[in-house]
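Per numbering that gives the first Met the number 0, the sequence shown starts with residue 0, numbered consecutively.
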Amino acid sequence: MVVLNTLKQLTKHLKKVRDQNYNIGFIPTMGALHPGHISLIHAAQQQQDITVCSIFVNPTQFNDLNDLLKYPRTIEADCKLLEEARCDIVFIPEVSEIYSPEELLLKKNSLEDKSWTEGKTVDFGLLADVMEGAHRPGHFNGVAQVVSKLLKIVRPNKVYFGQKDFQQLAIIRSLVKQLNLPIQIIACPTIREPSGLAMSSRNERLSHKERISAALLSEILFELKDLYLQKTIPELKLFVANKIMTDPMIELEYFEISDAETLQKITHFGLTKSAVACFAIKLGGIRLIDNIVLY
Ligand code: AMP
C-alpha cells in the first residue's frame, strides 16, 4: 500500500496506473475508519484493478466548528486497517493541499462560487433543502466542493459511497450528472453493529450507555419496514415519536418518510416508486443519522 500526501505525488502515481490501463475505484472518507468504510474498499476491489482511498476531514462541510474540532482522527489505525484490507493507494492530504487560503477564509463553498465547478452552475434544487440540508446549512455545498475536487484529481472509473448517508448519495449523483463527469457511482449497503446501530466514526464518541440507547434508532427503522404496509404515514410518525420519547437521552432532530429519489416528504405510500425513512437524532451532544429504504 502506498501512502501519499500531496497532489503532485498522487497525480504522478495515478499516471503510472492509468498508463497500464488499470481501472480505478475510489473511496473518499474522513477517516476514523470502521468496517462500514472497509466494506466500500472490498466492493471496489471486486470491480476494479486499483483501489484508492482518501482520508480528509473536510472543513468546508462542517457547519459546527466544535463538531469539526472533535471529529475523531486516527490516521495510524486507519492505515493499518487499509493495509490489512489490501487497499492500494491512500491519499491523506493536508487542508492546504485541497483548499487555497481564500477558499477557506471566504467560506466560498457556495454554489455561486464557480471556481470548483470550472465555471459550471451546479444547483441541487430541492434535494439539498430537506433533512440534512435543512439542518446543516452549507453542509452539502461543502461535500460537493470536496468531492468534485477529489474526483477531478483521482479521475476514478467508479466511486463508492455508503447508503448510510442517503441524502449525500443523492447529492453526489446530481453533482456528477451536472458536471458531466464520466464516473459511475456505486451505492453500498449500510454496515451495522450487532445491536443494529449503523457504524459511524461518530459512534466512537458515545459512552457505553449512549451506545445502548443509540440502538433504538435502528430498532425503530426495522419495525417501520415491517409496519409500513399496515399504517398511514401520520400513524407511523406518531409511532416513531412515541418510541423516541421512551428514551429521555435521545433528542429527535427530524424523522421523515420521503420519496427515495426526490427526497421530498410523501403523505401517502404507493404514489412514488420508492420510499425511504430517514432520521437524525442527538445523543449526548453527538449527532447520528440513519435510514431505511421501505420499498
Ligand atoms: P465518512 O468517513 O463518514 O465521510 O464516510 C465515508 C464513506 O463511508 C461514505 O460514503 C459513507 O456513506 C460510508 N459509510 C459510513 N458509514 C458506513 C456504514 N456504516 N456502512 C456503509 N458505508 C458507510
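Ideal placement from N, C-alpha and C gives every residue a C-beta, glycine not left out.
The ligand AMP has a heavy atom closer than 8 angstroms to the beta-carbon of residue 191. For residue 173, the CB stays at least 8 angstroms from every heavy atom of the ligand AMP. Inclusion of residue 256 and residue 249 in the CB contact set at 9 angstroms is not warranted, their separation being larger than that value. Bridge pairing for residue 119: absent [DSSP]. Remark: the shortest separation between the CB of residue 225 and any heavy atom of the ligand AMP does not fall under 8 angstroms. For the pair of segments examined, the segment 219-228 was found not to touch the segment 74-88: the number of CB pairs separated by less than 8 angstroms stays below three. In this structure, the alpha-carbon of residue 233 lies about 16 angstroms from that of residue 220.
Beta-bridge pairing by DSSP links residue 264 to 257.
If you check the CB distance, residue 288 and residue 279 come in under 9 angstroms. The beta carbon of residue 78 sits no closer than 8 angstroms to any heavy atom of the ligand AMP.
With respect to the 9 angstroms criterion, residue 211 and residue 194 are classified as neighbours on the basis of their beta carbons.
Checking the DSSP bridge columns, you'll see residue 90 partnered with 3 and 53. In this structure, the beta-carbon distance from residue 262 to residue 169 falls below 9 angstroms. Going by C-alpha positions, residue 25 is about 20 angstroms away from residue 139. Distance check between residue 102 and each of 180, 57 and 90 places 57 closest, using alpha-carbon atoms only. By the CB criterion at 9 angstroms, residue 157 and residue 47 fall inside the cutoff. The ligand AMP never approaches residue 130 closely enough for any of its heavy atoms to be under 8 angstroms from the residue's Cβ.
Looking at the DSSP output, residue 27 shares a beta bridge with 53. Taking 9 angstroms as the cut-off, the Cβ atoms of residue 190 and residue 155 do not count as close. Collapsing the DSSP output to three states places residue 280 in a strand. DSSP places residue 290 in the strand class (E or B) of the three-state scheme.
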